[in-house]
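The opening position of the sequence shown corresponds to residue 1 in full-length UniProt numbering, with each subsequent residue numbered one higher.
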Amino acid sequence: MPSDPLAPLLDLADVAPAFEQARAAVDSAMRNRVLRRSGGQVAAEVALRTSVASAALDTHGFDLEGVRAGVVTDPVVHGALRATAALDGLTATWTRAPRQVLAKLHTLVARDVVPAAELGRPVDPQAAPRLAALAELITGGTTVPVLLQAAVVHAELLALKAFAGPNGVVARAAGRLTLIAGGVDPRGLLAMDVGHRSREPEYVGSANAFATGTPDGIRSWLRHYAAAAERAAEELTEVCETATDRG
1 MPSDPLAPLL
11 DLADVAPAFE
21 QARAAVDSAM
31 RNRVLRRSGG
41 QVAAEVALRT
51 SVASAALDTH
61 GFDLEGVRAG
71 VVTDPVVHGA
81 LRATAALDGL
91 TATWTRAPRQ
101 VLAKLHTLVA
111 RDVVPAAELG
121 RPVDPQAAPR
131 LAALAELITG
141 GTTVPVLLQA
151 AVVHAELLAL
161 KAFAGPNGVV
171 ARAAGRLTLI
181 AGGVDPRGLL
191 AMDVGHRSRE
201 PEYVGSANAF
211 ATGTPDGIRS
221 WLRHYAAAAE
231 RAAEELTEVC
241 ETATDRG
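So this is what it looks like as structure tokens:
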């Protein structure tokens, strides 16, 4: 049997405890009683917040209330919203044909940003081997915790810069899709990109560190990702409280 390529990551200092703590925080937030009666309302609010945060991380930052009111016409913001809305319908295909899903996500995100001929197609042929390796992981090549899988998917796609235009929005959507498909966040309630945006300098620095491929660089990213997941859990709780106040 081939060894699990991601298993050694759990041996990096403090990584396993950080992910255990993050998963506990996520699971606790998912048990909020408000979700029983207002789950749809909460999911819609989370989708809005995480889409706006993701676009902002690609330097397309706009006021949340402006986006909510429909007065923001920025194409990257609207692409992020389209990708988030599509995630549930892409869940089953993700674990069978991830490259097909990545092409679809890029088309949704970048259709008003890059030429039509570039939509859904990796722009760097040298990225093909790593994309193939990533696809193998997504289709069952690893058994590490899903949060860790999502962290690697997200960071690898950032590092590869495989898609033209807002590649980061695609990477973040793919990371969230991994959480949904893996059962950590089956209803799409975890605003991961709000967590990343709240720690943006660390997000950028640790993503760049991951791209070096060194153990310290990878560890930096994984610890950031675990902290962002905890912040996303806090955001879910805050949204639930807001839904209670409105109710």
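Where is the CB? At the ideal position from N, CA and C, for every residue including glycine.
Query                                                                                                                                                              : Result
Is the Cβ-Cβ distance between F163 and A110 less than 9 Å?                                                                                                         : yes
Between the stretch 215 to 228 and the stretch 10 to 18, do three or more beta carbon pairs fall short of 8 Å?                                                     : yes
Less than 6 Å between C-beta atoms, sequence neighbours within five positions excluded: which residues of the same chain meet that for G182?                       : V146
Apply the 10 Å Cβ neighbour rule to P98 and answer buried if 16 or more other Cβ atoms are within range, or exposed otherwise.                                     : buried
Mind reading off the beta-carbon distance from A191 to A22? Whole number of angstroms is fine, and I expect it under 8 Å.                                          : That pair is no contact at about 14 Å.
Taking 9 Å as the threshold (C-beta atoms), are V34 and P75 in contact?                                                                                            : no
Check whether the Cβ atoms of L102 and G89 sit closer than 9 Å, and answer yes or no.                                                                              : no
Rounded to the nearest angstrom, how far is the Cβ of T95 from that of I138, given a contact under 8 Å?                                                            : 6 Å
Sorted by chain position, which residues of the same chain lie with C-beta nearer than 8 Å to M1's C-beta, five sequence neighbours on each side aside?            : Residue placement at M1 cannot be trusted, given a pLDDT of 43 that sits under 50; the coordinates are not used to answer.
Which residue comes first and which comes last in the alpha helix (DSSP H) that contains E156?                                                                     : V146 to L160
Is there contact here, the stretch 231 to 242 with the stretch 186 to 200, by at least three beta-carbon pairs under 8 Å?                                          : yes
What first and last residue would you give for the alpha helix (DSSP H) that runs through S198?                                                                    : M192 to S198
Alpha carbon to alpha carbon, what distance is there between A43 and H224?                                                                                         : 24 Å
Taking all protein chains shown into account, decide if P186 is buried (16 or more other Cβ within 10 angstroms of its Cβ) or exposed.                             : exposed
V77 by DSSP, collapsed to three states: which one?                                                                                                                 : helix
Given a cut-off of 9 Å, decide if V144 and L157 are closer than it, judged by their beta-carbon atoms.                                                             : no
Since T178 contacts Q149 with CB under 8 Å, what's their CB separation in whole angstroms?                                                                         : 6 Å
If we count the other Cβ atoms within 10 Å of its Cβ and call it buried at 16 or more, is E45 buried or exposed?                                                   : buried
Quick check on S3: does DSSP put it in helix, strand or coil?                                                                                                      : coil
Determine the direct distance from the alpha carbon of G61 to that of T50, and round the result to whole angstroms.                                                : 12 Å
Helix, strand or coil for H60, going by three-state DSSP, please let me know.                                                                                      : coil
Going by other Cβ atoms of all chains shown within 10 Å of its Cβ, with 16 needed for buried, is S206 buried or exposed?                                           : buried
Spatial neighbours of A135 within its chain, please: CB distance less than 7 Å, with the 5 preceding and 5 following residues excluded, ordered by chain position. : P98 and R99
Going by C-alpha distance, which of T212, R172 and A243 is nearest V52?                                                                                            : R172
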